[in-house]
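Novice: Protein sequence lines correspond, in order, to chains W and H. Position 287 of the first sequence, counting from 1, maps to 287 under our numbering, and the rest follow consecutively. Position 169 of the second sequence, counting from 1, maps to 1169 under our numbering, and the rest follow consecutively. C-beta: ideal position from N, C-alpha, C; glycine also. This structure is a prediction, so every number in the text was calculated from the model and none was measured. Below you'll find the structure I mean.
2 protein chains.
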Amino acid sequence: MPDRLRRPTMNDVARTAGVSLKSVSRVVNDEVGASQETRERVLAAAQALGYRRNDAARALRRSDGRSASIGLVLEDIGNPFASALNRAVEQVASAQGSLVLAVSTNADPDREEQLVYRLLARAVDALLIMSCRRDHRFLQPELDRGVPMVFVDRPPRRLAASTVRVANSKGAHDATAHLIAHGHHRIAFLGDRPSLYTADERTRGYLRALREAGLPADPAVQWRGQADQQHGALAMSALLDLADPPTAVFAGNNLITIGVLATLRRRGLHRQVAVVGFDDLDLAEVMDPPLTVIEQDPGAIGRLATEQVFSRLAGSPSTVKDIVVPTRLVPRGSGEIPGPYQALSLR
Amino acid sequence: MPDRLRRPTMNDVARTAGVSLKSVSRVVNDEVGASQETRERVLAAAQALGYRRNDAARALRRSDGRSASIGLVLEDIGNPFASALNRAVEQVASAQGSLVLAVSTNADPDREEQLVYRLLARAVDALLIMSCRRDHRFLQPELDRGVPMVFVDRPPRRLAASTVRVANSKGAHDATAHLIAHGHHRIAFLGDRPSLYTADERTRGYLRALREAGLPADPAVQWRGQADQQHGALAMSALLDLADPPTAVFAGNNLITIGVLATLRRRGLHRQVAVVGFDDLDLAEVMDPPLTVIEQDPGAIGRLATEQVFSRLAGSPSTVKDIVVPTRLVPRGSGEIPGPYQALSLR
DNA sequence: CTGAAAGCGCTTACAG
DNA sequence: CTGAAAGCGCTTACAG
């Protein structure tokens, strides 16, 4: 009789059913080679005891050692982009019978390394990483060992592993060119902190669009820093205090966009200063004016990355891929506020 | 020599270091009783081989059987409320050295049961559940077995387990009374589908506020259904098409609020019809008019629930608690649009 | 301080 | 079709 506080095991079921441990294993795992009678007795005993297979023990013994779980490393689970990605990852993994262990690094590179090791110690079958690190060589041994690994949103550095990301530079270029086309020459850029891949790429796209239009890139209207609402709002405030303030803004991140909009609204400039934000927001359509954005598809990123991981687990060969998901300019109003050079631009 | 594709084990480290398995275990777990020399040799070998302890195997053998992971069951990881909660849970768990397995039920009760069993099969140490089920008796055996379990946002039914939730009825009452105080008598309510605990409670609060003010509760301006932007928008549209449309709206859920605002804006009524939403939104302050909300604190819910679970795991006695986190009315503009009876109300 | 043996709950490999 | 034995990577309980 199993202890009331202990979870029943296969052995308990075997004893109750009057069969061997192995017969229970056969029935529980739907293997061939168990008579109808054995099957029924085992299922009855399992039912009576409330037996559930211990998957951790199973994973330990199985030849492939699969744990039916994958690790997802994010910078902040609470961020809308990250949570949309998390959702897509979980849906695909769940359909494959896997669970997702998601962690937040809080943008701390050391914490990221620790969390990765903790996930690996839990024997996750694969790793999806939105990394804030500048060096990923510490993952080389795991890669060599064949652990499927896909970097999401930002590619690895000093490590040859697959990536799924969006067309950051192209998207930023589109945003900036759009503002130029609407008559703006002095366009501010507010982006995430330097050395962050996505932010660097978006800066590149912004600068390229200016260059192509023959416009100067004034460092005075470029800000890079902590990507949250408060810092975005303060930075926007400082830009508006310039002797020669920008007439348009390209906000390089969803939280920065919120900060920018808050400042513009507080100063009553939301209908004068044009804004394009990178990444969509729930309420974008309902803003005044409705917010023009470069839409990314976090669901697609999560889905593609997770599918790649499971195709590797299913046996497809290991190749380093760099999948780029396109972005889309969604004009809604804020990005079409005319600038001082509109006549010339539309000529 | 361990296989290059196999993860090194304690045995591999022992062989390399020329000590016994148990000595490696002592060093790896920082137990007392290992000489300085043994310690150094083991650490050197572990370093050389890239050894990492297998926590799943460890949990299997340990007397307390702890897996250092907890399960979090949500309806939709991607929902802003859920992802804020998820984040708080993960932060507390991480500080306790635990990982979080988060799953989405997609509001499917059967899927919820399956996912709970999968989490239990993974030997999670505790369970946090935002449930869409109407009956939780299936969890009684686990509760008896001593698995710490806290229901978040919605209490369990037919099961005596702890809950952390917000003051739904009180919050809804505050919202409705606020609109009445600003001169509205015909106030619509749009809430999540019937039989969902939070939505039922919010309906109660809404009705109580009307009753207290001596106002009729017209079913024609009450809608309950799928809580997403699209359904919210359609429902709002239908309400506005009434011969006697409402002058104010209490939206009982964040996604419904977005739908309501979209419809009002499309019809150009966003400055005429007053709106209070349950649950805050990122861009609420930047709306036109800024959105008045009943703010809930998903971070506090997640934190309190997770802390309770870890205090149980640390040995504190099992008591069924019902923790209610207060809501807060945040007036920003949309809820203060005056109604036709304002003079009377403010008299 | 050190290590050989047993065993956590399961699967593998094999014999009947 | 059925089951006894070995072993996954680790900790426990114990002897030296």
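Tell me, please, which residues DSSP counts as bridged to W:Thr38.
Specialist: Its beta-bridge partners do not exist; DSSP assigns none.
Novice: Checking 7 Å against the spacing of the C-beta atoms, do H:Ala1045 and H:Val1013 come in under that value?
Specialist: In this structure, H:Val1013 lies closer than 7 Å to H:Ala1045 by Cβ.
Novice: For the stretch 89 to 103 of chain W and the stretch 1097 to 1105 of chain H, state whether three or more C-beta atom pairs, one from each stretch, are separated by less than 8 Å.
Specialist: Verdict: yes, contact present.
Novice: In this structure, does DSSP put W:Ile337 in helix, strand or coil?
Specialist: Correct three-state label for W:Ile337: coil.
Novice: When you check each C-beta in the stretch 108 to 133 of chain W against every C-beta of chain H, which residues fall closer than 8 Å?
Specialist: Those would be Leu115, Tyr117, Arg118, Leu119, Leu120, Ala121, Arg122 and Ala123, in chain order.
Novice: Shortest alpha-carbon distance to H:Glu1336 belongs to which of H:Arg1087, H:His1136, H:Gly1183 and H:Glu1090?
Specialist: Comparing Cα-Cα distances from H:Glu1336 to each of H:Arg1087, H:His1136, H:Gly1183 and H:Glu1090, the minimum goes to H:Gly1183.
Novice: Taking 7 Å as the CB-CB cut-off, is W:Asn86 touching chain H?
Specialist: Yes, W:Asn86 counts as interfacial toward chain H.
Novice: For the alpha helix (DSSP H) that contains W:Arg61, what are its first and last residues?
Specialist: Asp55 to Arg61 is the extent of the alpha helix (DSSP H) around W:Arg61.
Novice: Tell me whether H:Asn1079 is buried or exposed, calling it buried when 16 or more other Cβ atoms sit within 10 Å of its Cβ.
Specialist: Under this definition H:Asn1079 is a buried residue.
Novice: Suppose you measure from the CA of H:Phe1189 to the CA of H:Phe1250; what does that come to, to the nearest Å?
Specialist: Their backbone Cα atoms lie some 5 Å apart in a straight line.
Novice: Look at H:Gly1065 and H:Leu1119 and say whether their C-beta atoms are less than 7 Å apart.
Specialist: It is not a contact, given that the beta carbons lie outside the stated cut-off.
Novice: Ends of the alpha helix (DSSP H) at H:Phe1081?
Specialist: First-last of the alpha helix (DSSP H) with H:Phe1081: Pro1080 to Ala1095.
Novice: Determine, using beta carbons only, whether H:Val1325 and H:Ile1301 come nearer to each other than 7 Å.
Specialist: Yes. Within cutoff.
Novice: Hey, H:Leu1159 and H:Leu1139 are a contact pair by Cβ (cut 8 Å); roughly how many whole angstroms apart?
Specialist: The pair is a contact, with the Cβ atoms about 6 Å apart (cut-off 8 Å).
Novice: Please specify which runs of the beta strand (DSSP E), each continuous and at least 3 residues long, are wholly inside the stretch 1235 to 1315 of chain H, giving them in chain order.
Specialist: Runs of the beta strand (DSSP E) inside the stretch 1235 to 1315 of chain H: 1248 to 1251, 1274 to 1278 and 1292 to 1295.
Novice: Hey, could you find the ends of the alpha helix (DSSP H) W:Arg9 is sitting in?
Specialist: Correcting the residue identity first, residue 9 of chain W is Thr in this sequence and not Arg. Here W:Thr9 belongs to no alpha helix (DSSP H), and DSSP marks it neither H nor E.
Novice: So, using beta-carbon positions, are W:Ala181 and W:Thr327 closer together than 7 Å?
Specialist: Result no, Cβ atoms of W:Ala181 and W:Thr327 do not sit closer than 7 Å.
Novice: CA-CA distance, H:Leu1291 and W:Ala220?
Specialist: Each residue's alpha carbon lies about 34 Å from the other.
Novice: Could you tell me whether the Cβ atoms of H:Arg1026 and H:Ala1034 are closer together than 7 Å?
Specialist: Yes. Within cutoff.
Novice: How about W:Ala406 and W:Ala209: are their beta carbons less than 7 Å apart?
Specialist: For residue 406 of chain W there is no data in the structure shown, the boundaries of chain W being 1 and 347.
Novice: DSSP state of W:Leu115, grouped into three classes?
Specialist: DSSP places W:Leu115 in helix when its eight states are reduced to three.
Novice: Using a beta-carbon distance cut-off of less than 9 Å, what residues from the stretch 1051 to 1080 of chain H approach chain W?
Specialist: Residues passing the 9 Å Cβ filter: Arg1052, Arg1053, Asn1054, Asp1055, Ala1056, Ala1057, Arg1058, Ala1059, Leu1060, Gly1065, Ser1067, Ala1068, Ser1069, Gly1071, Asp1076, Ile1077, Gly1078, Asn1079 and Pro1080.
Novice: W:Pro331 CB to nearest chain H CB: under 7 Å?
Specialist: So no, W:Pro331 is outside the interface.
Novice: Any beta-carbon of chain W closer than 7 Å to the one on H:Arg1303?
Specialist: For H:Arg1303, the answer is no, since every Cβ of chain W falls outside 7 Å of its Cβ.
Novice: Using a Cβ cut-off of 8 Å, pull out every chain W residue sitting near H:Leu1043, in sequence order please.
Specialist: Those within 8 Å of H:Leu1043 in chain W number zero; the least Cβ separation is about 16 Å.
Novice: Kindly say whether W:Ser104, judged by its beta-carbon, lies nearer than 7 Å to any beta-carbon of chain H.
Specialist: Chain H contact via Cβ: present.
Novice: Quick one: which chain H residues come within Cβ less than 7 Å of W:Met10?
Specialist: Going along chain H, no residue has its Cβ under 7 Å from W:Met10, so there is no contact; the nearest lies around 13 Å.
Novice: Relative to chain H, which residues along the stretch 17 to 44 of chain W have a C-beta separation below 8 Å, given in chain order?
Specialist: If the cut-off is 8 Å between Cβ atoms, the stretch 17 to 44 of chain W has nothing near chain H.
Novice: Starting from H:Ser1023, follow the alpha helix (DSSP H) in both directions and report where the run begins and ends.
Specialist: Looking at the DSSP string, the run of the alpha helix (DSSP H) that includes H:Ser1023 is Leu1021 to Val1028.
Novice: Helix, strand or coil, according to DSSP, for H:Gly1225 in the structure here?
Specialist: Strand.
Novice: Hey, would you say W:Ala248 sits closer than 7 Å to W:Leu179, going by beta carbons?
Specialist: Contact: yes.
Novice: Please determine, among W:Cys132, W:Val19, W:Pro340 and W:Asn29, the residue with the shortest C-alpha to C-alpha distance to W:Val273.
Specialist: The shortest Cα separation from W:Val273 among W:Cys132, W:Val19, W:Pro340 and W:Asn29 belongs to W:Pro340.
Novice: Of all the options H:Ala1082, H:Asn1054 and H:Asn1106, which has the alpha carbon lying nearest to the alpha carbon of W:Ser67?
Specialist: Among H:Ala1082, H:Asn1054 and H:Asn1106, the Cα nearest to that of W:Ser67 is on H:Asn1054.
Novice: Any C-beta of chain W sitting closer than 7 Å to the C-beta of H:Glu1090?
Specialist: Cβ-Cβ to chain W under 7 Å: yes for H:Glu1090.
Novice: So which residues of chain W does H:Ile1258 contact, with C-beta pairs closer than 9 Å?
Specialist: Within 9 Å Cβ-Cβ: Asp282, Leu283, Glu285 and Val286.
Novice: Please decide whether W:Pro141 counts as near chain H, where near means a Cβ-Cβ distance under 7 Å.
Specialist: Chain H contact via Cβ: present.
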